[in-house]
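In the working numbering, the protein residues as written are 1 to 491.
Positions of the beta carbon are idealized from the N, C-alpha and C atoms, including for glycine.
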Ligand code: AHR
């Protein structure tokens with residue numbers, strides 16, 4: 001039996017709700033079909049947004065949504081996506097499948113979506129191929145309250161009131177698809193572009209610089225050194241890819257070795273957060289600047305017969321574990337991780353929702369987000385787990401990972417992942433200085449390769465968790481193999 005010690009009197013940091021954020025790019029069937037079908041569609045919609053998807057996202061209480069990319073952001077010219085729809089410019093989405101982008105989903109539609117699901121917008125500006133003026137004017141268009149060229153244009157397009165925009169990204173992956181820049185060059189560009197992203201009236205931007213890919217510590221060092229004082233956040237991108245890029249491995253039908261290899265690669269996030277965090281500490285010991293993990297999740301080979309540029313993949317219990325592991329890690333590093341955005345919302349990479357025509361399914365990852373939402377805005381508690389390593393000879397992982405938090409009412413939420421494909425386990429929870437009273441929980445568990453399909457949408461879904469007992473003042477949890485568990489101890 002493993003031992004988990006939780007210290008209710010040792011609150012470590014606030015778990016900002018934005019850690020449970022999402023990302024939606026003009027990529028494949030994420031925006032078009034997945035979210036936006038247009039007002040004339042036979043699919044039930046409200047102002048063009050699919051009602052089923054909006055309902056599902058409302059249940060998740062999506063705190064923040066990043067848009068329009070991704071790589072697309074640095075090719076996106078926002079003025080093409082405003083005004084009369086039939087007159088909007090069409091372009092080729094060169095990054096993602098070479099399809100025609102008709103710009104029918106633009107700034108106004110994005111804010112409408114955010115309103116419908118109750119999320120804060122996170123806008124990613126174009127530094128790679130756009131101008132300083134273009135970026136500056138977008139901020140003015142969205143947030144200026146009064147008489148100005150851009151505010152007038154906004155009003156002409158039907159929106160008198162400015163929107164509230166807090167999170168604003170100044171470029172995306174500018175070391176790669178966003179302009180192939182060196183960190184030294186980007187740091188200067190960042191300083192220049194961000195200067196003209198103004199705070200109008202009450203609107204205060206939280207400016208996010210493009211950070212490193214994975215373990216590029218030089219990029220982090222250079223950005224923090226040269227541009228740290230001009231930013232509020234810096235991004236980090238890390239995807240779980242089981243195979244060696246560009247081979248990624250299939251989303252379904254994998255063996256146990258691949259299961260453990262995938263989870264091991266996911267756990268690498270811990271090292272990235274620690275090492276990038278340590279560099280940030282040198283330049284920002286007060287932790288003013290947030291680490292924004294605005295792209296994370298699994299990246300597999302696309303489903304057979306689908307456009308390779310659309311990044312459409314299935315989502316199994318393995319994805320559920322990847323989500324559970326990462327979210328626990330973000331909680332544990334919430335002194336520095338201010339936001340995280342899984343890639344991507346619908347039909348792309350590790351999506352929480354998949355659609356096919358009129359049909360929609362919730363993936364195992366969806367349910368993990370739903371179960372973990374109790375951590376939002378709670379205080380991370382100091383916790384310590386003693387567990388064993390399991391796995392195959394080549395790929396060793398901890399049997400269990402966890403995090404614990406306390407909400408404003410004093411309720412304690414513990415989320416645990418059993419990383420074993422086939423071994424259940426027991427965890428004994430000790431709550432220092434506090435009696436264990438009433439407990440309630442939910443569990444997501446299934447065979448390690450299981451997933452939901454349009455024909456069988458409920459193969460993987462959470463159930464009420466009852467397999468625990470309170471023994472000598474301790475909580476003993478029986479946790480099945482391949483599972484994600486959320487237990488709340490009432491105050
Ligand atoms: O999420 C898919 C792509 O991955 C994004 O567009 C890009 O930023 C990253 O390389």
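Between residue 424 and residue 353, the gap from beta carbon to beta carbon reaches 8 Å or more. Between residue 112 and residue 49, the gap from beta carbon to beta carbon is short of 8 Å. In the three-state scheme derived from DSSP, where H, G and I count as helix and E and B as strand, residue 387 is classed as coil.
With a cutoff of 8 Å on beta-carbon distance, residue 484 and residue 371 are scored as near each other.
Residue state for residue 477 is assigned as strand, using DSSP reduced to three classes. Its chain contains 212, 276 and 279 as the residues whose beta carbon lies nearer than 6 Å to that of residue 220, once the 5 sequence neighbours on both sides are disregarded; these appear in chain order. Annotation: residue 56 to residue 366 spans about 9 Å, alpha carbon to alpha carbon. Between the alpha carbons of residue 262 and residue 202 lies a gap of roughly 45 Å.
Spanning the alpha carbons of residue 264 and residue 397 requires a straight line of approximately 6 Å. The criterion of a C-beta distance shorter than 8 Å is not satisfied by residue 283 and residue 207. The C-alpha of residue 447 is placed about 30 Å away from the C-alpha of residue 6. From the listed residues 137, 158, 90 and 61, the smallest Cα separation to residue 108 is found for 158. CA-CA distance, residue 242 to residue 302, rounds to 14 Å. With three or more CB-CB distances shorter than 8 Å, the segment 67-84 counts as touching the segment 25-39.
For residue 272, the closest alpha carbon among the candidates 455, 285, 368 and 237 is that of 237. At a Cβ-Cβ threshold of 8 Å, residue 338 and residue 75 do not count as neighbours. Distance between residue 46 and residue 294, taken at the CA atoms: about 28 Å.
A straight line joining the alpha-carbon of residue 103 with that of residue 97 spans about 16 Å. Assignment of residue 91 by DSSP, reduced to helix, strand and coil, places it in the strand class. At least one heavy atom of the ligand AHR lies less than 7 Å from the C-beta of residue 72. One thing to note: residue 125 has its Cβ within 8 Å of the Cβ of residue 169. The distance from the Cβ of residue 210 to that of residue 249 is about 28 Å, inconsistent with a contact at the 8 Å cut-off. Nearest C-alpha to residue 453 among 171, 400, 166 and 361: 361. Cβ-Cβ separation between residue 381 and residue 405: approximately 6 Å, consistent with a contact (criterion under 8 Å). When DSSP states are grouped into helix, strand and coil, residue 348 belongs to the coil group. Here residue 180 carries a coil assignment [DSSP, helix/strand/coil]. In terms of Cβ geometry, residue 463 and residue 442 form a close pair [threshold 8 Å]. A direct Cα-Cα distance of roughly 18 Å separates residue 476 from residue 8. Secondary structure at residue 72: helix, using DSSP grouped into helix, strand and coil. Comparing alpha-carbon positions, the option among 368, 132, 131 and 165 lying closest to residue 416 turns out to be 368. Residue environment analysis places residue 393 among the exposed positions, since fewer than 16 neighbouring C-beta atoms fall within 10 angstroms of its C-beta.
Taking the Cβ atoms as the reference, residue 344 lies roughly 39 Å from residue 1, outside the contact range of under 8 Å. Residue 190 and residue 43 have their C-alpha atoms roughly 42 Å apart. In the DSSP assignment, residue 2 falls within the unbroken beta strand (DSSP E) covering 2-14. In the structure shown, residue 415 adopts extended strand secondary structure according to DSSP, grouped into three states. Residue environment for residue 332: buried (at least 16 other C-beta atoms within 10 angstroms of its C-beta).
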